[in-house]
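In order, the protein sequence lines correspond to chains S and H.
Sequence positions in the first sequence follow the numbering used here and run 2 to 128.
Sequence positions in the second sequence follow the numbering used here and run 2 to 128.
The beta carbon of each residue, even a glycine, is placed where N, CA and C say it ideally should be.
Each remark here refers to the structure printed beneath this line.
Protein chains: 2
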Amino acid sequence: MSDFKELLDRDKVQQCPRHYVLALTDTLNVMNGKWKLPIIASLLHGKIRFKDLQNNIDKITPRMLSKELKELELNGIIERKVYNQTPVLIEYILTESGKNLTGLIDSMIDWGMLHRTEAIKSSWPND
Amino acid sequence: MSDFKELLDRDKVQQCPRHYVLALTDTLNVMNGKWKLPIIASLLHGKIRFKDLQNNIDKITPRMLSKELKELELNGIIERKVYNQTPVLIEYILTESGKNLTGLIDSMIDWGMLHRTEAIKSSWPND
DNA sequence: ATTAGTACTATACTTTTGTATACTAGAATA
DNA sequence: TATTCTAGTATACAAAAGTATAGTACTAAT
Chain S
2 MSDFKELLDR DKVQQCPRHY VLALTDTLNV MNGKWKLPII ASLLHGKIRF
52 KDLQNNIDKI TPRMLSKELK ELELNGIIER KVYNQTPVLI EYILTESGKN
102 LTGLIDSMID WGMLHRTEAI KSSWPND
Chain H
2 MSDFKELLDR DKVQQCPRHY VLALTDTLNV MNGKWKLPII ASLLHGKIRF
52 KDLQNNIDKI TPRMLSKELK ELELNGIIER KVYNQTPVLI EYILTESGKN
102 LTGLIDSMID WGMLHRTEAI KSSWPND
């Protein structure tokens with residue numbers, strides 16, 4: 002469907018495929034940083050609360066978790082549901098877009114594994 | 002092939018699919034930052050020199066370009082070829098792993114575009 | 001009145017990433 | 001001898017990302 006090479010024809014680089022560039026930078030922004038993927042990962046098996054996220058994700062501070070959740074919500078990846086109980090209950094769930102990331106994450110894993118075998122072929126230090 | 006959901010079975014999160022996690026973080030690291038993709042993009046149509054990269058990529062400073070090229074080389078995404086001429090000629094080219102990123106980049110573009118249509122459905126500000 | 005549970009926020013700090021501007025080295029050319 | 005070419009490096013600074021640690025607001029139970 003979309004061929005990235007198009008993006009890179011010398012003539013086209015600057016002018017043309019704005020929507021591709023935007024889509025790509027959107028995607029990068031969504032996954033950007035140390036904590037986004039672990040959070041998305043934790044959400045893939047359903048709704049989950051703040052404290053549980055904090056327990057699931059090793060070494061994340063409440064500050065970072067809070068900040069990242071806000072960004073993910075703003076970007077339309079997760080939804081924040083408030084239940085008016087006492088003590089208040091808040092749950093985070095993935096939106097459709099968030100769920101759709103699964104395929105992309107799989108592609109990333111595939112590339113990463115392929116890359117490791119390539120790298121070993123070129124006798125690259127394996128950790 | 003690789004199902005990311007596996008990664009997220011509560012029981013497995015911490016212990017099991019280390020190779021998946023490693024592969025995924027490898028991939029994130031490779032694309033990470035402001036300049037990696039533009040550089041990879043510029044390299045997709047063949048070998049290119051430092052100064053040409055600097056001209057191709059808007060506003061990149063030689064310091065950042067140099068730093069990013071080193072990282073990409075270390076990560077096995079590009080190769081640096083030195084020709085012993087005067088003045089010295091140095092060319093950068095993608096490795097096989099680097100070329101293989103095309104498919105992944107396409108997946109990212111696809112997700113980004115899908116996400117934009119989803120976002121518009123939920124009346125999210127477009128830009 | 002005190003303690004505990006939920007979901008965070010505040011403050012100060014360190015580290016990483018990025019910017020601005022100038023400079024270097026080695027050899028050929030004018 | 002001075003300038004030009006390629007491919008960067010050096011230094012100082014600013015901004016963004018992340019860490020550490022403590023504290024807040026609300027309510028319910030003890």
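Asked, Found
"Among H:D107, H:L70, H:I41, H:W112, whose alpha-carbon lies nearest the alpha-carbon of K100 (chain S)?", "H:W112"
"Is W36 (chain H) closer than 9 Å to L66 (chain H) when the C-beta atoms are compared?", "yes"
"Can you give me the C-alpha to C-alpha distance between T28 (chain S) and T87 (chain S), rounded to a whole angstrom?", "37 Å"
"Is L25 (chain S) close to chain H, meaning its C-beta is less than 9 Å from at least one C-beta of that chain?", "yes"
"At which residue ranges does the region 42 to 101 of chain S contain complete alpha helix (DSSP H) runs of 4 or more residues, listed in the order of the chain?", "51 to 57, 63 to 75"
"Identify each residue in the region 88 to 112 of chain S for which the Cβ-Cβ distance to at least one residue of chain H is less than 8 Å, and report them in chain order.", "T96, E97, S98, N101, L102, T103, G104, L105, I106, D107, S108, M109, I110, D111, W112"
"So, with DSSP's three-state summary, where would you put P30 (chain H)?", "Reading off the sequence, residue 30 (chain H) comes out as Asn, not Pro. Here N30 (chain H) sits in helix by DSSP."
"Can you tell me whether D107 (chain S) is buried or exposed? The criterion is at least 16 other CB atoms within 10 Å of its CB, across all chains shown.", "buried"
"Relative to the alpha-carbon of P1 (chain S), which residue among S:A120, S:E69, S:S123, S:M114 has its alpha-carbon at the smallest distance?", "An answer regarding residue 1 (chain S) cannot be provided, because it is not within the stretch 2 to 128 covered by chain S."
"How big is the Cα-Cα spacing for G77 (chain S) and A120 (chain H)?", "7 Å"
"Determine whether the beta carbon atoms of I79 (chain S) and R50 (chain S) lie at a separation below 9 Å.", "no"
"Contact defined as beta carbons within less than 8 Å: I believe L44 (chain S) pairs with L95 (chain S). What is the distance between those atoms, to the nearest angstrom?", "5 Å"
"Rounded to the nearest angstrom, what separates S98 (chain H) and M114 (chain H) at their Cα positions?", "25 Å"
"Straight-line CA distance for H46 (chain H) to H20 (chain H)?", "32 Å"
"Classify V83 (chain H) as buried or exposed, calling it buried when 16 or more other Cβ atoms lie within 10 Å of its own Cβ.", "exposed"
"Using CA coordinates, which residue listed in S:V31, S:I41, S:M32, S:T118 is at the minimum distance from I58 (chain S)?", "S:I41"
"Thinking C-alpha only, which one of S:L25, S:Y93, S:L102 is nearest K52 (chain S)?", "S:Y93"
"So, V31 (chain S) versus L73 (chain S), is the Cβ gap smaller than 9 Å?", "yes"
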